[in-house]
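Visitor:
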Amino acid sequence: MILPVIMAGGSGSRLWPLSRRLYPKQFLPLLGEQTMLQETCARLAGLEHQPPLLVCGEDHRFMVAEQLRAASQPNSGIILEPAGRNTAPALALAALHATASGKEDPLLLVLAADHVIKEARAFLDAVITARAQAETGRLVTFGVVPTGPETGYGYIRRAQAEAPGSQPAFAVDEFVEKPDLDTAEQYVASGEFFWNSGMFLFRASRYLQELRTHRPDILASCEEAMTGSTVDADFVRPARGAFLACPAESIDYAVMEKTRDAVVVPMDCGWSDVGSWSALWEVSDKDTQGNTAIGDVILYDSRGCYVQSDRKLVAAIGLEDVVVVESDDAIMVATKDRVQDVKQVVEQLSAGNRPEARVHRKVYRPWGFYDSLESGHRFQVKRIVVNPGAQLSLQMHHHRAEHWVVVSGTAKVTCGEEELLVTENQSTYIPLGVKHRLENPGTIPLELIEVQSGSYLGEDDIVRFADRYSRS
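Going left to right, the sequence shown walks through residues 163 to 634 as the working numbering numbers them.
#1: From T130 to L535, what distance separates their C-alpha atoms?
#2: What does the Cβ neighbour count give for H561, buried or exposed, with the cut at 16 atoms within 10 Å?
#3: Quick check: what's the CA-CA separation for R637 versus P179?
#4: For I606, count the other beta carbons within 10 Å of its own beta carbon; 16 or more makes it buried, fewer makes it exposed. Which is it?
#5: From E201 to G452, what does the alpha carbon distance come to, in whole angstroms?
#6: Could you tell me the alpha carbon to alpha carbon distance between H559 and A552, rounded to whole angstroms?
#7: To the nearest whole angstrom, what separates the beta carbons of F332 and V485, a pair I think is in contact under 8 Å?
#8: Would you mind sorting E564 into buried or exposed? The rule is 16 or more other CB atoms within 10 Å of its CB.
#9: From Y369, T572 and R205, pick the residue whose C-alpha is nearest to that of E419; which is it?
#10: Whose C-beta lies closer than 7 Å to the C-beta of D430 among residues of the same chain, with five residues either side of it excluded?
#11: Does any residue of chain C have a CB that is nearer than 8 Å to the CB of A513?
#12: Please work out which residues of its chain come closer than 6 Å, Cβ to Cβ, to A424, disregarding the five sequence neighbours upstream and downstream, and give them in chain order.
#13: Check whether the Cβ atoms of Y415 and N358 sit closer than 8 Å, and answer yes or no.
#14: In the DSSP assignment, the alpha helix (DSSP H) including W357 goes from what residue to what residue?
#15: Can you tell which of G310, Q371, I164 and D472 has its C-alpha closest to the C-alpha of A254?
#16: Since I believe I240 is in contact with A227 (beta carbons under 8 Å), could you give me their beta-carbon distance rounded to a whole number of angstroms?
#17: Tell me the start and end of each unbroken alpha helix (DSSP H) in the segment 168–214 that is at least 4 residues and wholly inside, in chain order.
#18: Contact check, L193 vs V278 under 8 Å by CB: the rounded distance?
#19: Starting from W439, trace the alpha helix (DSSP H) in both directions and tell me its first and last residue.
#20: Who are the Cβ neighbours of T585 in its own chain at under 7 Å, not counting the five residues just before and after it?
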């Protein structure tokens with residue numbers, strides 16, 4: 163049986179300002195109503211497989227769980243990496259988890275949560291071809307048939323001989339780094355090279371065998387981490403100390419470049435890793451002038467542009483090959499040939515400890531989200547939405563009081579020893595230093611306006627006493 167392993171980590175800097183460190187692109191609906199993570203799960207329909215196993219960081223655990231829930235997508239667990247250590251250790255955790263019972267040894271279909279694949283049928287056909295190879299013990303990588311001399315991808319060179327079994331599949335001759343333009347043109351012209359997609363299919367035990375042969379240090383750290391792991395609902399938490407001691411390495415370097423059993427299966431499916439705003443423009447729908455417009459956008463005498471607005475009206479006049487992105491708290495403007503430099507902006511923001519590098523004005527929590535509407539000296543106003551049946555932690559604040567006005571739904575409020583229901587157009591007051599809790603007992607989202615007042619209004623002024631999401 164195939165067990166999809168979806169890698170849902172990532173820092174989110176290349177598509178800033180929409181993508182942020184705490185809300186990277188895999189959680190965004192970039193090409194439709196579903197997020198990229200949800201699309202990754204959806205394209206598995208038609209393939210016989212177990213529910214996917216997710217690997218992500220601690221900061222993203224509730225977004226992963228909520229997006230799977232919203233898509234009615236079951237899972238085989240969510241492994242929480244204590245820190246990023248690249249793909250070889252992440253997949254070792256997944257393989258060890260998948261074989262922990264000693265009764266199963268599934269084929270691991272390794273996918274990234276932030277890739278675009280426009281032709282799902284071609285993707286599934288390639289997986290079926292790869293399955294025949296993986297069942298014989300080979301380690302399969304998927305090579306995307308190049309559509310041009312792309313310098314932003316690594317390449318895989320196939321051997322001349324086809325691999326035994328179902329076709330088309332080829333032995334891997336070599337993996338090569340991102341080339342310059344002249345070299346990329348030669349690669350494409352030769353017909354021997356594919357883009358390295360970062361997707362794989364292999365038996366869990368075969369990957370662990372190869373890791374034991376070529377990188378036993380990585381395997382040892384991951385085995386220790388999983389031996390000391392704990393389980394909380396769907397979350398699997400490897401032992402932090404053991405995993406932090408693990409070397410960081412990609413699966414390409416650790417295993418695929420060293421094994422004698424690497425096979426590449428060609429894949430021609432409209433694939434993109436959406437690694438920049440220009441890449442997103444390439445896979446997006448366009449008008450007759452080559453423009454992509456998303457949101458409240460007016461374009462006049464403009465060509466080849468990508469313009470997206472989240473909130474405000476954006477009017478673009480006389481632009482060519484320009485990207486304009488308006489988010490809730492930032493605007494980014496760049497020519498398409500310079501969008502890779504957005505990471506330099508993110509680095510400057512991070513160096514200055516600016517929140518725009520990490521979070522949006524709208525911040526998602528396991529119970530829903532809040533949107534910071536206004537702030538000033540000794541006050542802050544937020545719009546809070548609590549999902550049906552969800553509750554915030556039992557908490558208190560040392561430096562602020564809070565006023566809650568219910569806009570829609572019903573709030574169940576604990577304030578000290580008192581418990582009350584607050585309905586639409588009603589309000590309540592939470593004094594400084596008093597234990598309190600907010601809960602939505604209804605079947606529709608609870609929406610309220612919160613006005614904070616006090617000497618300090620930071621999110622770290624929260625003392626949690628009890629929390630269903632293990633944050634206390």
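Backbone N, C-alpha and C fix where the C-beta goes; we use that ideal spot for every residue, glycine too.
Guide: According to the structure shown:
#1: The requested residue 130 is not part of the displayed model; the chain covers only 163 to 634.
#2: Sequence index remark: in the sequence shown, residue 561 carries index 399 (1-based). Under this definition H561 is an exposed residue.
#3: As shown, the chain starts at 163 and ends at 634. That puts residue 637 outside it, with no answer to give.
#4: As a position in the sequence shown, residue 606 is number 444, starting the count at 1. Exposed, since its Cβ has fewer than 16 Cβ neighbours within 10 Å.
#5: As a working mapping, residue 201 is identified with position 39 in the sequence shown. As a working mapping, residue 452 is identified with position 290 in the sequence shown. One C-alpha to the other measures close to 25 Å.
#6: The residue given as residue 559 occupies position 397 in the sequence shown. The residue given as residue 552 occupies position 390 in the sequence shown. Using only the alpha carbons, I get a separation of about 21 Å.
#7: Along the sequence shown, one-based indexing puts residue 332 at 170. Along the sequence shown, one-based indexing puts residue 485 at 323. Actually they are not in contact, since the Cβ atoms of F332 and V485 sit about 37 Å apart, beyond 8 Å.
#8: Residue numbering aside, residue 564 sits at position 402 when the sequence shown is read from its first letter. By the 10 Å Cβ count, E564 comes out buried.
#9: Along the sequence shown, one-based indexing puts residue 419 at 257. Per the Cα distances, Y369.
#10: Translated into the one-based positions of the sequence shown, residue 430 becomes position 268. A284 and V307.
#11: No chain C appears in this structure, which consists of one protein chain only.
#12: Stepping through the sequence shown from its first residue, residue 424 is reached at position 262. Closer than 6 Å at Cβ, skipping near neighbours: L301, V334 and M418.
#13: Position 253 of the sequence shown, counted from the start, is the residue given in the question as residue 415. Position 196 of the sequence shown, counted from the start, is the residue given in the question as residue 358. No, these two residues do not count as a Cβ contact at 8 Å.
#14: For the purposes of this step, residue 357 is taken as the residue at position 195 of the sequence shown. Careful: W357 lies outside any alpha helix (DSSP H), inside the beta strand (DSSP E) at F355 to R365.
#15: Residue numbering aside, residue 254 sits at position 92 when the sequence shown is read from its first letter. The shortest C-alpha separation from A254 is found at Q371.
#16: Counted from its first residue, the sequence shown places residue 227 at position 65. Counted from its first residue, the sequence shown places residue 240 at position 78. That belief holds up - the Cβ atoms of A227 and I240 are roughly 6 Å apart, short of 8 Å.
#17: 198–204
#18: Working through the sequence shown from its first residue, we reach residue 193 at position 31. Working through the sequence shown from its first residue, we reach residue 278 at position 116. With 8 Å as the limit, L193 and V278 qualify as a contact, their Cβ atoms being about 6 Å apart.
#19: Along the sequence shown, read from residue 1 onward, the residue named residue 439 stands at position 277. First-last of the alpha helix (DSSP H) with W439: W439 to V445.
#20: Here the question's residue 585 lines up with position 423 in the sequence shown. These residues qualify, in order along the chain: V568 and T572.
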